[in-house]
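Q: Just so you know, we're using my numbering here: the sequence shown kicks off at 8 and counts up by one.
Glycine included, each C-beta is placed from N, C-alpha and C at the ideal position.
Below you will find the structure I want to go over with you.
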Amino acid sequence: MNEMTATLAANQDMLWVLVATALVLFMQAGFCFLEVGSVRSKNSINVAVKNISDFCVANVVFLIFGFALMFSNSGSFINNDYLFLMGVDSPQLFSFFVFQAVFCGTATTILSGSIAERASFLGYLLTAVFVSCLVYPIFGRMVWNGAIEGEAAGWLNQRGFVDFAGSSVVHSVGGWVALAAIIVVGPRIGRFRKGLPPIQGHSIPMATIGTIILWFGWIGFNAGSTLAMNESVPKILLNTNTSASFGGLTTLVLSWIIMKKPNVPHILNGVLAGLVSITANCHAAEIHQAAIIGIIGGSLYLVAANLLEKLKIDDVVGAVPVHGVCGLWGTLAVAFFGNVETLATGLSFGQQLFIQLVGAGICFILAFGGTYIFLLIVNKFVSLRVSKEHEVEGLNVTEHDASTEVLDLLYTMEKQKELGDFSQRVYVEPHTEVGQIASEYNRVLDKVNAEMEVSAAAKRVIEAAHKKMTDSINYASLIQYSIIPEEKSFQNNFSDYFTLWKPRDDIGGDVYLFTEFRDRDECLLMVIDCTGHGVPGAFVTMLVKAIERQVVGKINQDP
8 MNEMTATLAA
18 NQDMLWVLVA
28 TALVLFMQAG
38 FCFLEVGSVR
48 SKNSINVAVK
58 NISDFCVANV
68 VFLIFGFALM
78 FSNSGSFINN
88 DYLFLMGVDS
98 PQLFSFFVFQ
108 AVFCGTATTI
118 LSGSIAERAS
128 FLGYLLTAVF
138 VSCLVYPIFG
148 RMVWNGAIEG
158 EAAGWLNQRG
168 FVDFAGSSVV
178 HSVGGWVALA
188 AIIVVGPRIG
198 RFRKGLPPIQ
208 GHSIPMATIG
218 TIILWFGWIG
228 FNAGSTLAMN
238 ESVPKILLNT
248 NTSASFGGLT
258 TLVLSWIIMK
268 KPNVPHILNG
278 VLAGLVSITA
288 NCHAAEIHQA
298 AIIGIIGGSL
308 YLVAANLLEK
318 LKIDDVVGAV
328 PVHGVCGLWG
338 TLAVAFFGNV
348 ETLATGLSFG
358 QQLFIQLVGA
368 GICFILAFGG
378 TYIFLLIVNK
388 FVSLRVSKEH
398 EVEGLNVTEH
408 DASTEVLDLL
418 YTMEKQKELG
428 DFSQRVYVEP
438 HTEVGQIASE
448 YNRVLDKVNA
458 EMEVSAAAKR
468 VIEAAHKKMT
478 DSINYASLIQ
488 YSIIPEEKSF
498 QNNFSDYFTL
508 WKPRDDIGGD
518 VYLFTEFRDR
528 DECLLMVIDC
538 TGHGVPGAFV
548 TMLVKAIERQ
558 VVGKINQDP
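Here you go:
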């Protein structure tokens, strides 16, 4: 009977670990929603792909090598049985592995949002391999090694360091890795340029959904770290929920006071700050202490976020303030608020605070320092940042040849501008905001095309009138030049008196007639100002010519 009860209890604990694993895995969806909503739409697909890709990388690397490094036998560097779990045949160990694997995936994915919109895909994947293969397992080994056997086998936890669910092991690791990557990769184009509006995410509602999913998944994150369904689970859940709520309210109130309006991204990150802050101490803090931890966490987040802004460190989603800084605070909060009996380290307050500081310092040196050096080396061979042209165009297209409704619409509009062809209407995606924009754009195109048709018709009328006038002038020119003498006649007879210049028009109203009387050594010059142009003017010239003939005839008759 006792054996059956023990088996039932063990299966119950294993079931709880598996449920918690599913909850933590679902946090990946939360990170994806949060980060996708926090970037511009031209980079949304790239961020989503990075989230699922780094989780795949973390699971594979942790299975092959990371787990064996993190949970090695006493005195050995690697537990050979845990390499690819080749020497394992225990359901309990399998459940523990998948629980730790999703923890590793969480630590790795924190990086993706911080360097979004400018980091190359290959460079990011290499960083994910480094974190899940070395950074997370090495520090996790110092804190949680021996957890499978229920022992304290890590260098830090042997000395009384406490991090119940990962304020430092998961969140500070992810936050400090993100800080190193941000510094190496640099800020986005125009992020800190004066006179430009701030870069904002394309969907704050999506980011809000992501935060709620993360809050939900944190139930498995904190309560699942008991590795058993026992009486401490309800209190852990209560502390987790309390700290998150107070963290969110703190940033809501403070942002309202400072910015005159409640800032939504700050509120979302305030909730996450409260969750990260309570993670190390969720099992040992009282409820009112969880509230204080959340308030301080939310406040520290705002201070750290403003500091990064002043230092021009471009953290797209606030990963460094939320996970790095609040993870540090959560680690230290163990000494300030942890119940001594629950902690059971046997250390005084000063000793507990000291070892917590030591652990936090090692975490920073390993995660930030190690990643910074790694990225500097990698950047010499693989560019960690995309080109300026690719960043401006958007990583959806340049990194994955993927597009969105907005990009398709912009591409069509750009093509129309280049070709000058506005006759083709753009496709209208039904029941979407982009479809509404496309529909209105088509209405503008219709108006433009109608005006262009009116303009074209007027142009045709003008061209026809111009052709008619030009033909008339050409005909008149032929008529006039056929009945007037050549210029050389004037030059030969009047070279001492004036020079005749060609008229400025092909045919005008100024008419000159010249007749020589060879036998009388005389000449007749007639200059007449004729009003009118074109063919009528030419006929007036003919009339004047007829008059000239009469005058000449009369002169010839006069002795």
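Measuring from the CB of I285, is there a heavy atom of the ligand PLP at a distance below 7 angstroms?
A: Because no ligand of any kind appears in the structure shown, any question about the ligand PLP cannot be addressed here.
Q: Tell me whether A172 sits in a helix, a strand or coil according to DSSP, three-state version.
A: If DSSP states are grouped into helix, strand and coil, A172 belongs with coil.
Q: Taking the DSSP output, what are the residues bridged to R392?
A: A126.
Q: Using beta-carbon positions only, say whether N449 and F429 come within less than 8 angstroms of one another.
A: Result no, Cβ atoms of N449 and F429 do not sit closer than 8 angstroms.
Q: Excluding sequence positions up to five away, which residues of its chain have a Cβ less than 6 angstroms from the Cβ of F106?
A: Within the same chain, F106 has close Cβ partners V24 and T28.
Q: Would you call the CB atoms of E158 and R47 closer than 8 angstroms?
A: Result no, Cβ atoms of E158 and R47 do not sit closer than 8 angstroms.
Q: Take S119 as the anchor and find which of A65, P144 and F72 has the nearest alpha-carbon.
A: That would be A65, whose Cα lies nearest to the Cα of S119.
Q: Answer yes or no: do F62 and W183 have a C-beta to C-beta separation smaller than 8 angstroms?
A: Cβ distance not < 8 angstroms, so F62 and W183 don't count as in contact.
Q: Based on Cα-Cα distance, which residue from C111, N152, P269 and F104 lies nearest to F84?
A: The option with the nearest alpha carbon to F84 is N152.
Q: Using the C-alpha atoms, what's the distance from E470 back to F505?
A: With a pLDDT of 43 at F505, under the threshold of 50, the modelled position of that residue is not reliable, and the figure given next carries that caveat. Taking the straight line joining both Cα atoms gives about 40 angstroms.
Q: Hey, quick one: how far does the alpha helix (DSSP H) through K424 stretch, first residue to last?
A: That run of the alpha helix (DSSP H) goes E412 to L426.
Q: Alpha carbons only, please: which of G208, A351 and A291 is nearest the one belonging to V324?
A: Cα-wise, what sits closest to V324 is G208.
Q: Mind checking whether V271 and G304 have CB atoms under 8 angstroms apart?
A: Taking 8 angstroms as the Cβ cut-off, V271 and G304 do not qualify as a contacting pair.
Q: Return yes when the Cβ of M213 is within less than 8 angstroms of the Cβ of S44, no when it is not.
A: Note that residue 44 is Gly in the sequence shown here, rather than Ser. Yes, the pair counts as a contact, with Cβ atoms nearer than the cut-off.
Q: Helix or strand or just coil, what does DSSP make of R200?
A: R200 falls in the coil class under three-state DSSP.
Q: Just verifying my parser: in three-state terms, what is the DSSP assignment at C63?
A: Three-state result, C63: helix.
Q: What would DSSP say about N386, mapped onto helix, strand or coil?
A: Correct three-state label for N386: coil.
Q: Please classify M93 as buried or exposed, where buried requires at least 16 neighbouring CB atoms within 10 angstroms.
A: Exposed: under 16 other Cβ atoms inside 10 Å.
Q: Cα separation between F137 and F128?
A: Distance between the alpha carbons of F137 and F128 is about 15 angstroms.
Q: Is it the case that the Cβ atoms of G73 and C39 are separated by a distance below 8 angstroms?
A: The answer is no: Cβ separation not under 8 angstroms.
Q: With 16 other CB atoms within 10 Å as the buried threshold, where does Y434 fall?
A: Y434 is exposed by the Cβ-count criterion.
Q: One question on the structure: do N50 and N403 come within less than 8 angstroms of each other, judged by their Cβ atoms?
A: It is a contact, given that the beta carbons lie within the stated cut-off.
Q: Specify the secondary structure class of E460 as computed by DSSP and reduced to three states.
A: E460 falls in the helix class under three-state DSSP.
Q: Is it a yes or a no for the region 337 to 351 touching the region 308 to 328, going by three-plus beta-carbon pairs under 8 angstroms?
A: No contact exists between the region 337 to 351 and the region 308 to 328.
Q: For the alpha helix (DSSP H) that contains E293, what are its first and last residues?
A: Careful: E293 lies outside any alpha helix (DSSP H) and carries neither H nor E.
Q: I'd like to know if the region 283 to 295 and the region 214 to 233 are in contact, where contact means that at least 3 CB-CB pairs between them fall below 8 angstroms.
A: The region 283 to 295 vs the region 214 to 233: in contact.
Q: Do the CB positions of Y2 and A126 come within less than 8 angstroms of each other?
A: What the structure shows of the chain is the stretch from 8 to 566, and residue 2 is not part of that stretch, so it cannot be assessed.
Q: Candidates A154, D408, L133 and V341: which alpha carbon is nearest S390's?
A: Ranking the options by Cα distance to S390, first place goes to L133.
Q: Note the first and the last residue of the continuous alpha helix (DSSP H) segment covering E158.
A: No alpha helix (DSSP H) contains E158, which DSSP labels as neither H nor E.
Q: When burial is assigned at 16 or more other CB atoms within 10 Å of the CB, is D408 buried or exposed?
A: When all chains shown are included, D408 counts as exposed.
Q: According to DSSP, simplified to helix, strand and coil, what is Y434?
A: It is coil, neither helix nor strand.
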